[in-house]
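S.K.: Sequential numbering from 344 applies to the sequence shown in our numbering. Just so you know, even glycine gets a beta-carbon here, dropped at the ideal spot from N, CA and C. This structure is in structure tokens; I'll ask about it shortly.
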Amino acid sequence: MTTQQATLATFTLPQAKRESFDIKNIINKYLYHWPLFVISLSISIAAIIFYLKIAKPVYEVNATIVIKDEKKNQNQSSPLHEIDALSSSRIIENEIEVFKSKQLINQVVGELLLNIGYQKIDGPFSQELYNSAPVKLTVVKSGNADGTLLITIKDKNSFLIQMPDKTNQTFSFKDEFKNKFGTWKLEPTDKLDAFVGKQIKISITDPENTALQYQKKLSVALSNKLSTTVILSIDDEIPQRGKDILNRLIFNYNLTGTMQRNREARNTLDFIDKRLASLSTELNEAEKGIEVFKSARGLTDISSNSKISLENMQTNDARLNEVNVQLSVVQEIEKYINSAQNRDKTPTTLGIDDPALRSMIEKLAQLQLQRERLLATTPETNPDFEPINRQIVTTKAAIRENVGSIRASLQNTQRKLLSFNQNFESSIKNIPTQERQYISIKRQQAIKETLYTYLLQKREEISVSYASKLAEDRIVDHAYSGPAKQTQRSMAFAGALLIGLGLPIGLIYVRGLFSAKIKNIQEIKDVVDLAVVAELPLEKSSATLKIENNKATAIAEQFRSLRLKLSYLSGNSTTGRVTLVTSSVPGEGKSFVSSNLAVSLALSGRKTIILELDLRKPKLSSIFATDTLMPGISDYLNGEASLENIIKQSVTESGLDLISSGERIPNPSELLETPQLGYLIEYLRSNYDDIIIDSPPVHLVSDAMIISRFADITLYMIRQGVTEKAELSFLKEIQEQKNLKNVNIVFNGIQRLKYGYGYNYNANYYYDSKHKSIASPFSDFFGRF
């Protein structure tokens, strides 16, 4: 037996090539299911055509605005640069974020009522009615739910509402209603007459959610890295709605900036007006004091030294006056920061050249403006105030720290200037008392006059800037829309093609991946260590016997190859060879293989007999057209017939004898264990070259194991796409327990095109004028599914 196995291993080496990766077989496996691909492609293409018909065109709406950016325009000065006391520092990136802010977009949604949509319903289709709806929904008191209303315009005075139970109820226009949306009413528009009898769908969404949706759709970007031109873009199915959104967004952006600048200017003017009123009184008193002093003492001139000292002291006093003004401004700022009142007034930074302080005060003004805007629509206890209040507190703290540093610096400067004044006063100690008194009075008058002139000039400058309202930003292009975006038809059809092909491929792959059926030899070899001695292609013809004399077909050649291998498996024995043919379950082709193998052996000139030992479901009698009433094996084993009576010569195949199953019996297993079966096999060994035994499936009954003790070779049928993978574990168990002798596997019913495994037989080589080639991919079309 060792020599036989070695010889067989050499003989079956070509099988390894069939197990290698073959792209052609894989393609054929999928092409086998071409009707599934045709159906899938047809459905996907039809679906994409329908989608392209109902898809609404989308328009891209753009607007362009130039924003003044301090970083990119440092060398450019405004026409009022010299009197620009309210200049603010802006960064283009920050302004882009302001455009995209939820607060600004929420304001646009509220003004344009974008959270309320109107659609005309026409069967399965709908038409947006932006600015052309027959009715207008007014929310008197908002609720907490989103939803839709289906109404039908009945006439000029009434309409129908579809209720939850699909019934319609009639209501009048301008009547108020209360439901989950809140309190609302419908008012007719001038377009009502054109929609009488039409169904209108009104969609109500939360303004916050609507703002978030438009925030995602809005695109704000620089036209290029070197410019400050900002392009706003939004995609919308209604171009006019997109235009309105962008134009309103730009308007609100400019309006917010203007309000902030006007607020700063008003606060500064109020501060200057208060200081001018106070200085006007003080200046009048100082001038009157000079007049009284000169009149009482008759002074008309001052000596040259006195003049020089006076000029120096005036210059020093002017500088000291500026410091005092700055300290006054700092005091006002500290008073504002430390006070919990007057939150609506922002202090000015007039006279203090500190960009950091100016920026922080500007930020504080923005936060307060944002808080006031939110306070107009939301209670102060709302959690939305928490981040704003926290930022205000943080900003005030930073301003307080900065102002402290500025105050310390100014106080130091003030002390130095006072020290200088003392030096100047000591230099004029020799001046007569009257002249010194005059100088003192004159100095006070000059100080107040200088400060008054300075504040009056600044007031005029700020008034001119406030009145002129010069725009810092310039709209290059108001919102405009181009033609509708071209539908990506090629992309759509490519997607349909991908889905139409990918879905069947995926289904076929997944079905094969999770299939419990055996599809190729490698799956067999992964479980059992048995030789596969034959691979038989599937034949769709109704005839069971495929072997005919002088007929060269692919299936016939495979049986002739199997016949040759039997001689190697039996150790080149020439007579008395017993071959048992069995399988795991019915339908795997054991009767088909045993009958054709017997015919092939008989045609080769070997004296052959085939035994129908499947006593439960015999098939050989019908295959060989044998009279079922004649005695058979069961009759012989029961002692009711002799050997001469049960051996019959096949009426269809010359040189082939047959022993049929005989009369049906209830206990085949017990009958097969009688000694008569051994006598029968020994007699046949002495009189025949080959004995082929067709036995029952071994996984269902034990008959095959009983018969196996008389066999030299066991051919175990495994059928592609029929035999379960679980049967391999049973076969392995049989192999380990040696319940069958010399087991060899026949891989039956191979469909190369369906499973992507098997020989590609050339029909021109196996020519047969009466049969079609088995390689035809359409020969078994109706058996694919």
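Is residue 1027 near residue 1034, with beta carbons less than 8 Å apart?
M.R.: On the sequence shown, position 684 is the one that residue 1027 refers to. On the sequence shown, position 691 is the one that residue 1034 refers to. Yes, these two residues count as a Cβ contact at 8 Å.
S.K.: Pick from 506, 492, 513 and 508: whose alpha carbon is nearest that of residue 498?
M.R.: By 1-based counting over the sequence shown, the position of residue 498 is 155. Nearest option by C-alpha distance: 513.
S.K.: Taking the continuous beta strand (DSSP E) assigned at residue 530, which residues delimit it?
M.R.: Along the sequence shown, one-based indexing puts residue 530 at 187. Counting along the chain, the beta strand (DSSP E) containing residue 530 begins and ends at 525-531.
S.K.: Taking 8 Å as the threshold (beta carbon to beta carbon), is residue 934 in contact with chain D?
M.R.: Absent from the structure: chain D. Only one protein chain is present.
S.K.: Checking the sheet assignment: what are the DSSP bridge partners for residue 514?
M.R.: In the sequence shown, counting from the first residue as 1, residue 514 sits at position 171. DSSP, once it has assigned bridges, lists 502 as partnering residue 514.
S.K.: Helix, strand or coil for residue 456, going by three-state DSSP, please let me know.
M.R.: Start at 1 with the first residue of the sequence shown, and residue 456 comes out as number 113. Collapsing the DSSP output to three states places residue 456 in coil.
S.K.: Spatial neighbours of residue 1082 within its chain, please: CB distance less than 6 Å, with the 5 preceding and 5 following residues excluded, ordered by chain position.
M.R.: For the purposes of this step, residue 1082 is taken as residue 739 along the sequence shown, with counting starting at 1. Hits under 6 Å: 1048.
S.K.: Please report the residue range of the beta strand (DSSP E) in which residue 923 lies.
M.R.: Here residue 923 refers to the residue found at position 580 of the sequence shown. First-last of the beta strand (DSSP E) with residue 923: 920-926.
S.K.: If you pair each beta-carbon of the region 789-804 with each one of the region 611-622, do three or more pairs fall below 8 Å?
M.R.: yes
S.K.: Kindly give me the distance between the Cβ atoms of residue 933 and residue 1068, rounded to whole angstroms, as I take these residues to be in contact under 8 Å.
M.R.: Here residue 933 corresponds to residue number 590 of the sequence shown, with the count starting at 1. Here residue 1068 corresponds to residue number 725 of the sequence shown, with the count starting at 1. Residue 1068 and residue 933 do not touch by the CB rule: their CB atoms are close to 19 Å apart, not below 8 Å.
S.K.: Judging by CA-CA distance, which residue of 381, 981, 386 and 401 is the nearest neighbour of residue 827?
M.R.: As a first step, residue 827 must be located in the sequence shown, where it is residue number 484. Ranking the options by Cα distance to residue 827, first place goes to 401.
S.K.: Just reading off the beta strand (DSSP E) that residue 877 is part of, what are its end residues?
M.R.: As a position in the sequence shown, residue 877 is number 534, starting the count at 1. Start and end: 875-880.
S.K.: For residue 352 and residue 1009, I'd like the C-alpha separation in whole angstroms.
M.R.: Against the sequence shown, residue 352 aligns to sequence position 9. Against the sequence shown, residue 1009 aligns to sequence position 666. Caution applies to residue 352, whose pLDDT of 35 falls short of 50 and renders its modelled position unreliable; the value that the coordinates give is listed next. So the alpha carbons of these two residues sit roughly 42 Å apart.
S.K.: With a cut-off of 8 Å on the beta carbons, I'd call residue 966 and residue 888 a contact; round off their distance for me.
M.R.: In the sequence shown, counting from the first residue as 1, residue 966 sits at position 623. In the sequence shown, counting from the first residue as 1, residue 888 sits at position 545. Rounded, the Cβ-Cβ distance is 7 Å, consistent with contact.
S.K.: Under a Cβ-count criterion, where at least 16 other Cβ atoms within 10 Å of its own Cβ denotes burial, should residue 797 be classed as buried or exposed?
M.R.: Along the sequence shown, read from residue 1 onward, the residue named residue 797 stands at position 454. When all chains shown are included, residue 797 counts as buried.
S.K.: Given a threshold of 16 other Cβ atoms within 10 Å of its Cβ, counted over all protein chains shown, does residue 1054 qualify as buried or as exposed?
M.R.: The sequence position of residue 1054 within the sequence shown is 711, counting from 1. Residue 1054 counts as buried, since no fewer than 16 other beta carbons sit within 10 angstroms of its beta carbon.
S.K.: Taking buried to mean at least 16 other C-beta atoms within 10 Å of its own C-beta, is residue 993 buried or exposed?
M.R.: Indexing the sequence shown from 1 puts residue 993 at position 650. Its Cβ being crowded by 16 or more others within 10 Å, residue 993 is buried.
S.K.: Start and end of the alpha helix (DSSP H) containing residue 405?
M.R.: Here residue 405 refers to the residue found at position 62 when the sequence shown is read from its first residue. Segment 402-409 is the beta strand (DSSP E) holding residue 405; no alpha helix (DSSP H) there.
S.K.: Is the region 605-612 in contact with the region 755-770, if contact means three or more CB pairs nearer than 8 Å?
M.R.: no
S.K.: Helix, strand or coil: which one does DSSP assign to residue 1014?
M.R.: Sequence index remark: in the sequence shown, residue 1014 carries index 671 (1-based). It is helical.
S.K.: Got a sec, what are the start and stop residues for the alpha helix (DSSP H) residue 559 sits in?
M.R.: To locate residue 559, count along the sequence shown from 1; it is residue 216. First-last of the alpha helix (DSSP H) with residue 559: 550-560.
S.K.: Are the region 587-597 and the region 445-461 in contact at 8 Å, needing three or more beta carbon pairs?
M.R.: Verdict: yes, contact present.
S.K.: In angstroms with no decimal places, state the Cα-to-Cα distance between residue 877 and residue 920.
M.R.: Start at 1 with the first residue of the sequence shown, and residue 877 comes out as number 534. Start at 1 with the first residue of the sequence shown, and residue 920 comes out as number 577. In this structure, the straight-line span from the alpha carbon of residue 877 to that of residue 920 is close to 18 Å.
S.K.: Spell out a yes or no on whether the region 471-487 and the region 510-526 are touching, meaning 3 or more CB-CB pairs, one atom from each, closer than 8 Å.
M.R.: yes
S.K.: Check whether the region 1058-1075 and the region 953-966 touch, using three or more Cβ-Cβ pairs below 8 Å as the test.
M.R.: no
S.K.: Determine, using beta carbons only, whether residue 480 and residue 545 come nearer to each other than 8 Å.
M.R.: Translated into the one-based positions of the sequence shown, residue 480 becomes position 137. Translated into the one-based positions of the sequence shown, residue 545 becomes position 202. Yes, the Cβ-Cβ distance between residue 480 and residue 545 is below 8 Å.
S.K.: Ordered along the chain, which non-local residues of its own chain (more than five positions away) have a Cβ less than 7 Å from that of residue 732?
M.R.: As a first step, residue 732 is located in the sequence shown; it is residue number 389 there, counting from the start. Within the same chain, residue 732 has no close Cβ partners at all.
S.K.: Suppose the cutoff is 6 Å on Cβ atoms and the five residues either side in sequence are ignored; what does the same chain contact list for residue 511 look like?
M.R.: Locating residue 511 in the sequence shown gives position 168, where the first residue counts as 1. Contacts found: 503 and 505.
S.K.: Start and end of the alpha helix (DSSP H) containing residue 867?
M.R.: What you label residue 867 is simply residue 524 of the sequence shown in a count that begins at 1. Here the alpha helix (DSSP H) through residue 867 covers 864-868.
S.K.: Quick one: give me the first and last residue of the beta strand (DSSP E) that residue 1060 is part of.
M.R.: Here residue 1060 refers to the residue found at position 717 when the sequence shown is read from its first residue. 1056-1062 is the extent of the beta strand (DSSP E) around residue 1060.
S.K.: According to DSSP, which residues form a beta bridge with residue 1090?
M.R.: For the purposes of this step, residue 1090 is identified with residue 747 of the sequence shown, where counting begins at 1. Note: residue 1090 sits in a beta bridge opposite 878 and 1061.
S.K.: At the level of alpha carbons, what is the spacing between residue 1052 and residue 931?
M.R.: Here residue 1052 refers to the residue found at position 709 when the sequence shown is read from its first residue. Here residue 931 refers to the residue found at position 588 when the sequence shown is read from its first residue. About 23 Å.
S.K.: Per DSSP, which residues does residue 491 bridge with? Please list them.
M.R.: Here residue 491 refers to the residue found at position 148 of the sequence shown. DSSP lists 546 as partners of residue 491.
S.K.: Please say whether residue 690 and residue 675 have beta carbons closer to each other than 8 Å?
M.R.: One-based indexing of the sequence shown puts residue 675 at position 332. One-based indexing of the sequence shown puts residue 690 at position 347. The answer is yes: Cβ separation under 8 Å.
S.K.: Where does residue 991 sit, in a helix, a strand or coil, going by DSSP?
M.R.: Start at 1 with the first residue of the sequence shown, and residue 991 comes out as number 648. Residue 991 falls in the strand class under three-state DSSP.
S.K.: In the region 1029-1056, which residue ranges form an unbroken beta strand (DSSP E) of at least 3 residues, counting only runs that do not cross its ends?
M.R.: 1033-1037
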